[in-house]
Every structure is written in structure tokens, then in C-alpha cells.
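> Shown below is the structure under consideration.
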Amino acid sequence: MSEQQINGGALLVQALQSNQVDTVYCVPGESYLPVLDALYEHPGMKTIVSKHEGAASNMADAYGKLTGRPGIVFVTRGPGATHASNGVHTAMQDSTPMILFIGQVGSDVKEREAFQEINYRSMFGDVAKWATEIDSIERIPEIVNRAFSVAMSGRKGPVVIGLPEDVLFGMTQALPALAPAKTVEAAPCALALQALQEELQQARRPLVVVGGTGWTEQASADLQRFVQAHQLPVAAGFRRQDILDNRDPHYVGQLGLGISPALAETVQQADLLIVVGSRLSEVTSGAYALIRSPRPAQRLVHAHADAQELNRVFQCDVPVQAGVAAMAQALARLPVPGQIAGRETWLQEARKNYEQHNTPLPRQPQQTGVSLAHVMGYLNQHLPEDAILTNGAGNYTVWLHRFYQYKKLATELAPTNGAMGYGLPAAIAAKLHAPERTVVCFAGDGCFLMYPQELATAKQFGANVIVIVVNNGMYGTIRMHQEREFPGRVSATDLEGPDFVLLAQAFGAHGERVETDDAFAPAFERAMASGKPALIELRTDPAQIGPQARLAA
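Residue numbering for the sequence shown follows numbering that gives the first Met the number 0, beginning at 0 and increasing consecutively.
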């Protein structure tokens, strides 16, 4: 009796199954047909077909953020790969686990610039943690397991794997499935914790900064115990606001775009920064000036899962190689020193400043249309605590990040690399992963128009998300910079969009337009009750470029 034969596509899906993959995102392509055929045999592995490869990779990034497991994407070669690179860049800068599989030309025609050929090792070499191709069918399980380990260990991130046609169509005898890949997380050593404790005992104005990925509910609870015991204020890195409940009296705001002047002053006055998980990116660090590179003015304890991130941009006084879960657990167990003079006042002042800055503002006297501050005030009061909010890039996000209070972990999906169009694909992935939760996407008119066709994906797969399109008729962020640098010379920033309500309805979604504050609440309630994907277009004042700034200023 002959050995059972299996093709490369089936072997690959078997390797995914052994690593507990429950969802794949894709745009189908002939370059990986054996994989599509193998997925037919695994109905328990959901196959979500997006309408654009960029959207598929953004969905995978959102899945990785929510679960801590790699989001899995399949795209075809050439144009499919270039489209999908958007999400790979997001996953790299955001430290999100992802594995992108790309069809590739046959091995016998490589380096001839065959149809849609790209060298993926070169293309993604600086954008992914690891970029490779599988050159032998027998090595598929090995490479897939290594990809999971690389994506999830240390600083999490994306892996890109090319799949030559001959490897996918080739036949081999069935191989025993490998055990699921095991990940590695560093823990803080005793010497580092002792040094951290000495720094903490000497500091009068310490500030904790949290960010990065790998946070769990237990890690967030450990963080909360640590800051309560030691009376420490906590600032979130850019778009990492859901790590600690924003209602907690120790939370003092976000280090990011639209930072509170008072919080910036708090950072400057701090004599110790305890940074857990964050890379202290350009935005979080205030262009490397609020927290200076290479030598910060403050004493710096920097804990990060990847040793290569420590002392790379900022010289640390205490570098600690540790994942966030292990670090938070260690922090929660630190002995509590006696009362340190001034600590309580330092914390209370920082929290008071946060509450003043982050309370939704009344309408500006000249403002027309819908007030985003009013919208955020309503959502704060009426959304469930576990509601997931997503967004892309644009000035509209300043209202969201300033006035909305994130109450639970894994409720904020936002790209730290500032990628437009992220919100809708991320919202769809979130709703499909957690259908019982309310999912709201925020997008500017320009941001939404990057991937509007994904409303069809939402309708097809039953992802009843609510999309709030903030329509001010322009690329607002660029226009703001344009007016600052070249006042009165408007060039390439006007935006004439479609009728968003009719567009939503054409995709089978519920659609409404809101032009006044009073009309928002009933429109949102109707969207929630519609039983289908919904879009609410907000007509806003184009001159209101920020919560307190008019364009003319």
C-alpha cells in the first residue's frame, strides 16, 4: 500500500491548523490555488475574503492586536504583495504579530522578471521581522512553525513568506503535524529589579509610561496594583490608551498627537520615567525632544521584550529585557516603601490636569455642523465598557483620543504608524472575532475613501459595525500643515467625496447623514438597531481643525 500523498497547499493549511489558526484573511489569487483548495476542507477555519489586499492585511493586524496571536493573510504575487505591504508596515511599527503568505512564481523561472515576480526577501527585508521563501515542500511545517515563533517572541511583528507555485502544487507523503510553536518571553532579572527599586525610592516625581503589545488582563491588573501601591501617575504611549482604565485615578493621559500642555510639562518635570513595553517612538517621545534622545533629562528605566530596543534610541539608566506580562507581574510584587514626600500631590495634580483637558468642550462660538466633542461625550455615556473603537489617521482622531475614555484592554484599534484607511478593515476583523461586542469605526472622509469597498465585506460576512464618517470636505491634517507653512495657498487638499449615505445603501448597509448635535443620538440608536452594517455621515465644520483650534489661526 502506497504512502498517502499531499500537496504543498494542504501541508501548509495543516501546519496552520496545528498552530490553532481559526481565521485567515485573503484576496484570492491563482498563485496559491492549492491553499484555497485546502481551506475548502477546513470549514472551521474561517476564510474572510476582503476586496483589497491592503484591507486584508489591516484586518490581520487588528486580529493580532486583539488576540496576541498572528493574524494570517494570503495574497497573490506582485500587485497583491504591494497592496498588502500597507498592513505589514503597520504591523512592524505597531509591534503586531502577523504572517503574510504570498504566492510566488515557479522556481524554474525566478530572476527572469516573470509575470508579477518580486523578490520578497528584498522587498520586505526592512519592513518585516523576517522575510523568506519556502524552497522545498518538506520544509513547509518547519518554516511555518518558525514564523509563528518569530512573530510572537520578543518584540512582536510581521513575517512574510513567499510560496513558489511548484512548492504549493508539488506532492509529498503526508508528514506528521509538528507541535504548535512555543514563544519566548524574557523576564526581569533580580539585579534589574533591585536597581529599579532603588531608582523608585529616590524619585520624587516619577512617571510610568506604558505601551507596546503583549498586554493581557492579568498584566493590566498587575500594572494597576503597582501604581496604586506606589502612588504613581501613568501615561499611555501613542494610541495605547486601553492598557489602563482611563477612569483610574492614576491615569493621566496620552503621549501623542494633541498632547495636553500640562501632561507635556509633567513629563519634563518628572525625575524618573519607568517605561514598560513602549519603544518611545517619535510621536510618543514628542519628536525625541519631550523625552530627549540619546540622553533623556529624566532618569530612565526602560523595560522592553527585545534587547535590541534597549539603548537603541535612548540611553537607559536601568535597561530591563522583559515582556510586559512578566514585567508587570514583577512590578506588582515590589516591596512598597514608606511614604515619600510629595508623591501624592504629584499624582493628584497630574490627574486633575488630565480631567480638565479631557472633559469634552462646549461648541466654539463660530462652529457649524456637528461637534465631535458632543459625539464623544455621548459615546462615553452610552457605549458598553467593552466596546471596540477603531480609527485610521486624520485630525478627527484628536477628538477621539482626547475625549473618549477607554475602559478595558483590547478596546482601541488604531495604527501608530498613522495609516489612513485602517479603521474600517480593523472594525470588520474585530466584529467577526467578537460578534457580541459593539464595534465603532471612526474615519475622516479621506480616510474612509481608502477602503470604502470593505462595506461589502462587512455585509457579506455579517460584521454589523457602525462607521462614523467625519466629513469636512478636505484632507484636514495636510490642510492644517499647509496653512501653517504656506498660508492661503490651498493645493491638493480639497476633497470632493461621494454621497456617503447612498454609497452605504448601495452596499446593503444602513446609512444616515447627521448635520446637528441633537440628531446624532437618535441616528446612532437607529444604526445600532438596524441589524446590518451602518454608516453615519457627520457633516462637520471644515474650519474647526482641532478641539480648540480654528483653521484661520
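Glycine included, each C-beta is placed from N, C-alpha and C at the ideal position.
1. So the candidates are A349, H301, T410; which of them puts its Cα closest to the Cα of A263?
2. Where R239 and I5 are concerned, what is the direct C-alpha to C-alpha distance, given to the nearest angstrom?
3. Would you mind working out which of E384, F499, D498, Q481 sits nearest A491, comparing C-alpha positions?
4. Counting only the same chain and skipping the five closest in sequence on each side, list residues whose C-beta sits under 8 angstroms from that of S292.
5. Going by the beta-carbon positions, is the gap between A602 and V104 smaller than 9 angstroms?
6. Would you list the one or two residues that DSSP bridges to A130?
7. Contact defined as beta carbons within less than 8 angstroms: I believe R120 pairs with E132. What is the distance between those atoms, to the nearest angstrom?
8. Considering only the beta carbon of each residue, do T89 and D60 sit closer than 9 angstroms?
9. Give the secondary structure of F225 by DSSP, where H, G and I count as helix, E and B as strand, and everything else as coil.
10. Is the region 51 to 58 touching the region 70 to 82 in the sense that three or more CB pairs, one from each, lie closer than 8 angstroms?
11. At what residue ranges does the region 452 to 482 contain a whole run of the alpha helix (DSSP H), taking only runs of 4 or more?
12. Assuming G530 and N463 form a contact by the criterion Cβ under 8 angstroms, report the distance between their Cβ atoms to the nearest whole angstrom.
13. Could you tell me the alpha carbon to alpha carbon distance between I465 and V209, rounded to whole angstroms?
14. Closest by CA to N416, which one among Y405, S94, H229?
15. Please report the distance separating the alpha-carbon of L199 from that of A329.
16. Verify whether the separation of the beta carbon atoms of A180 and N18 is less than 9 angstroms.
17. Just to confirm my understanding: we take V266, look at its own chain, exclude 5 residues before and 5 after, and list those with CB closer than 6 angstroms. What are they?
18. Rounded to whole angstroms, what is the Cα-Cα separation between E411 and T389?
19. Please report how far the alpha carbon of M0 lies from the alpha carbon of F168, in whole angstroms.
20. Taking the alpha carbon of V23 as the reference point, which residue from V207, V72, G7, F147 has its own alpha carbon closest?
21. With H, G and I counted as helix, E and B as strand and the rest as coil, what does DSSP make of R525?
22. Between the region 28 to 37 and the region 6 to 13, can you find at least three pairs of beta-carbon atoms closer than 8 angstroms?
23. My assumption, with CB atoms under 8 angstroms, is that N379 sits in contact with G475. Please give the rounded CB distance.
24. Just verifying my parser: in three-state terms, what is the DSSP assignment at F571?
25. Taking M151 as part of the beta strand (DSSP E), name the residues at either end of that continuous run.
26. Buried or exposed for G43, going by 16 or more other Cβ atoms inside 10 Å?
27. Taking buried to mean at least 16 other C-beta atoms within 10 Å of its own C-beta, is D241 buried or exposed?
28. Given a threshold of 16 other Cβ atoms within 10 Å of its Cβ, counted over all protein chains shown, does N357 qualify as buried or as exposed?
29. To the nearest whole angstrom, what separates the beta carbons of K458 and F523, a pair I think is in contact under 8 angstroms?
30. Ends of the alpha helix (DSSP H) at R120?
31. Cα-Cα, which of V207, R224, G63 is closest to P157?
32. For the alpha helix (DSSP H) containing F499, list its first residue and its last residue.
33. Under the three-state reduction of DSSP, which class applies to H301: helix, strand or coil?
34. Taking the beta carbon of L534 as the centre, do at least 16 other beta carbons fall within 10 Å, making it buried, or is it exposed?
35. What three-state label does DSSP hand Q543 in the structure shown?
36. Could you please give me the residues that DSSP links to H509 through a beta bridge?
Put simply:
1. A349
2. 44 angstroms
3. Q481
4. S284, V312, F313
5. Nothing can be reported for residue 602, as the shown portion of the chain is limited to 0 through 552.
6. V159
7. 7 angstroms
8. yes
9. helix
10. yes
11. 453 to 460
12. 7 angstroms
13. If you take the alpha carbons of I465 and V209, they lie about 29 angstroms apart.
14. S94
15. 14 angstroms
16. Yes, the pair counts as a contact, with Cβ atoms nearer than the cut-off.
17. L289
18. 6 angstroms
19. Reliability fails at M0, whose pLDDT of 34 lies under 50, so the model's placement of it is uncertain and no value is given.
20. When only C-alpha atoms are compared, the closest one is V72.
21. helix
22. yes
23. Rounded, the Cβ-Cβ distance is 23 angstroms, inconsistent with contact.
24. For residue 571 there is no data in the structure shown, the boundaries of the chain being 0 and 552.
25. Per DSSP, M151 lies in no beta strand (DSSP E) segment; the continuous alpha helix (DSSP H) that holds it begins and ends at 139 to 151.
26. exposed
27. buried
28. buried
29. That pair is no contact at about 19 angstroms.
30. 119 to 122
31. G63
32. 499 to 505
33. strand
34. buried
35. strand
36. A533
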